[in-house]
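Position one of the sequence shown corresponds to residue 638 (the working numbering), numbered consecutively onward. The beta carbon of each residue, even a glycine, is placed where N, CA and C say it ideally should be. Here is the structure we will look at, set down as structure tokens.
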Amino acid sequence: MLAASALAIALAFLPTQALATTRTLSSSISHEAGRSGIHGKTTLSLSGPSGALSDITTAGGWSIEGCSSDWSSGAAQVTIVCTGTQAQQAVCSQLFDDGGAVDTIVKLPENCGTGLVARVVSSVDITTATKFLRGPETHAVVLDYNFSAIKTQRGSVTFSISTSQSTTTSDSGSELAAAKRWEIGQMFDLPPVSVDKSYNLFQASISCPAIGNGAGFSAAVSVDTNVHVNANIALGFKVTGTIIPPAIDTMQILGTLNGSASGEFIVNAQATGTFDTGLVPLYEVVIAGVDIPGILQIGPKFGVYGRLNANLGVEALVKAGVAWTFPDVEVAFPQNSGASKASAIQTLTPLVVSLDPTATATGVVTAGLTPRLSVGIDILSGLAEATVYLDVTASAELDLNIEGHAHAEAPIDVGTGEVDTSATGGASGCASLDVGVDITVGARGAIPPIFDEEISYTIYAKHIEVFNECFGAGDAATSTRARSLERRAFTCPALGLKDLLELIHV
């Protein structure tokens, strides 16, 4: 369950006219910055037969005792007393219209539960009376959030729940424009995200046999990354349907994002071969969202994920990076609910390549960094559950075609038994670096009739060739060694560990 704290409840009951056969309840909950994680306002509106909806706030003539503000699940046993002015007490009887209080959906007063409305499970009149005096009308009432238990004979009750205008928020111009375009009153501001950290994505090593009369050695592969991500995010939503019978008519999710993402990937490969780190979670934070028990749960989560795969036929030290800014990303889900839009700007991308100068080899290194916003959705206590996500994937692909021009020997130092694996000379060949960004929206789960299978669509894609150069042989060489790591099925270098020649430094 998602917790919402620092709640300011704004309640409004719209009374029916004398001849009206329907009743409307409207209730709002404000989420202020703090433990609730979000800053905004949610409004729930219900409409249905007068016997299906009622009010146990002071507007309905009732005061309530024994209800905890933390009540979020299960049943609550409370006492309600008809009090207030004569006009307020006159409407107490509405709770018992058309078949009694049981299975009536009632609006809750402030500080009673974490929801806005509840179901009456049972009601017992416990009014005290003496021979000469009758006390105020009092009932022992059991409440819960199990609206699916209400029989359809009570009549159809429709609902609409959405983010709405709040005087406590200060949306940016882009947020207000987006909310207006999709007819969503206002958006939640999520806490700003800032990630600045180094991670190890992958590490492995292999024990290699001796070369000639030398000693055996360990060849290793490691992948490290330095990640920098900043993001400002806002969310808006609107869901409509019926509580009785439970069904969903429409759903809209709107999100805006602006920020930046950059990552430097460092591949230190002494062993040769092919490897894939898979998608590695680097950073994840769950943000407390909206929890209206029995009606709707919205749970945002932000994560940063990295991935690198490589096919290297030669010892190498490769540093390649991705770096983009995202000044304006607007997402509408589902796809037919509005036009999403995005833009991205590529910034300086680092590239350093050092290779074994004694070998002729080709290699491909592909790196990706994905900031992801996902929103878990539960409507009407599990009637529909899904996760909608926004992926901003920045990628870089390095292609190498290198021919070595060097003479390599492996003489043994008789005194120490060590093998001299130095090499002199240079290399020639070509290298290219392509970078790109793909912004996709998708969903897993099912919210019928909106969608009933996994879906995904791209709202923006941009790919750029930032480096494509051929070079001749060089003379300078630098030395690098990787630490010994866990065993993986790689191939040992043919002549043992060598000094690497830096060929590219951009």
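- Under the 8 angstroms Cβ criterion, the region 942–953 does not count as touching the region 870–887, having fewer than three qualifying pairs.
- The residues Val866, Ala868, Ala898, Val941, Val1029, in chain order, have a CB closer than 7 angstroms to that of proline 1008 in the same chain once the five nearest residues on each side in sequence are set aside.
- Positions of the beta strand (DSSP E) runs, each at least 3 residues long and wholly inside the region 688–720, are given as 690–692, 699–702, 713–719 in order along the chain.
- Residue burial annotation: glycine 943 is buried, with at least 16 other C-beta atoms found within 10 angstroms of its C-beta.
- Per DSSP, glutamine 907 lies in no alpha helix (DSSP H) segment and is marked neither H nor E.
- Under the Cβ criterion (8 angstroms, minimum of three pairs), the region 979–988 does not count as touching the region 830–850.
- Threonine 1003 has its alpha-carbon roughly 9 angstroms from the corresponding atom of aspartate 1036.
- Counting the other CB atoms within 10 Å of its CB gives tyrosine 1026 a total of 16 or more, which places it among the buried residues.
- Residue burial is scored here from C-beta neighbours: glycine 703 has fewer than 16 other C-beta atoms within 10 angstroms and is therefore classed as exposed.
- In the displayed model, alanine 1083 falls within a strand according to three-state DSSP.
- Methionine 888 and valine 794 have their alpha carbons spaced roughly 17 angstroms apart.
- For isoleucine 1076 and serine 977, the gap between their C-alpha atoms comes out near 11 angstroms.
- Under the DSSP assignment, glutamine 723 falls in the alpha helix (DSSP H) whose first and last residues are 723–727.
- The criterion of a C-beta distance shorter than 9 angstroms is not satisfied by glutamine 714 and valine 757.
- Scanning its chain for C-beta atoms nearer than 6 angstroms, with the 5 sequence neighbours on each side dropped, one finds around glutamate 921 the residues Gly940, in chain order.
- Between the C-alpha atoms of serine 710 and isoleucine 701 there is a straight-line separation of about 18 angstroms.
- In the structure shown, phenylalanine 1104 adopts extended strand secondary structure according to DSSP, grouped into three states.
- Beta-bridge pairing by DSSP links aspartate 833 to His865.
- Within the DSSP bridge table, the entry for asparagine 946 names Asp913, Thr1003 as partners.
- Boundaries of the beta strand (DSSP E) around phenylalanine 970: 953–970.
- A distance below 8 angstroms between beta-carbons, with the five flanking residues on each side excluded, links serine 1069 to the following residues of its chain, in chain order: Leu1035, Asp1036, Glu1102, Phe1104, Asn1105, Glu1106.
- The beta carbon of threonine 765 sits closer than 6 angstroms to those of Gly772, all from its chain and outside the five residues before and after it, given in chain order.
- Taking 8 angstroms as the upper bound for CB-CB distance, valine 927 and isoleucine 935 are in contact here, some 4 angstroms apart.
- Here leucine 919 has Tyr836, Val864, Val941, Tyr942, Gly943 as same chain residues with Cβ atoms under 7 angstroms from its own Cβ, once five neighbours each way along the sequence are excluded.
- Membership of lysine 744 in the beta strand (DSSP E) is indicated by the continuous run 742–744.
- Distances from the alpha-carbon of phenylalanine 912 to those of Val858, Asp886, Gly892, Thr962 put Val858 closest.
- Phenylalanine 970 and glycine 685 have their C-alpha atoms spaced approximately 28 angstroms apart.
- For lysine 678, the enclosing beta strand (DSSP E) begins and ends at 677–686.
- Apart from sequence neighbours up to five positions away, the residues of its chain that approach threonine 879 with a beta-carbon distance below 8 angstroms are Ser793, Val794, Thr795, Phe796, Asp886, ordered along the chain.
- When C-alpha distances from glycine 1005 are compared across Ala960, Ile1016, Ala1080, the shortest belongs to Ala960.
- Relative to the Cα of isoleucine 903, the nearest Cα in the group Phe1108, Cys729, Gly958 belongs to Gly958.
- DSSP, read as helix, strand or coil, puts asparagine 748 in coil.
- If you check the CB distance, alanine 1023 and isoleucine 1096 do not come in under 9 angstroms.
- DSSP, reduced to helix, strand and coil, places glutamine 731 within a helical segment of the structure shown.
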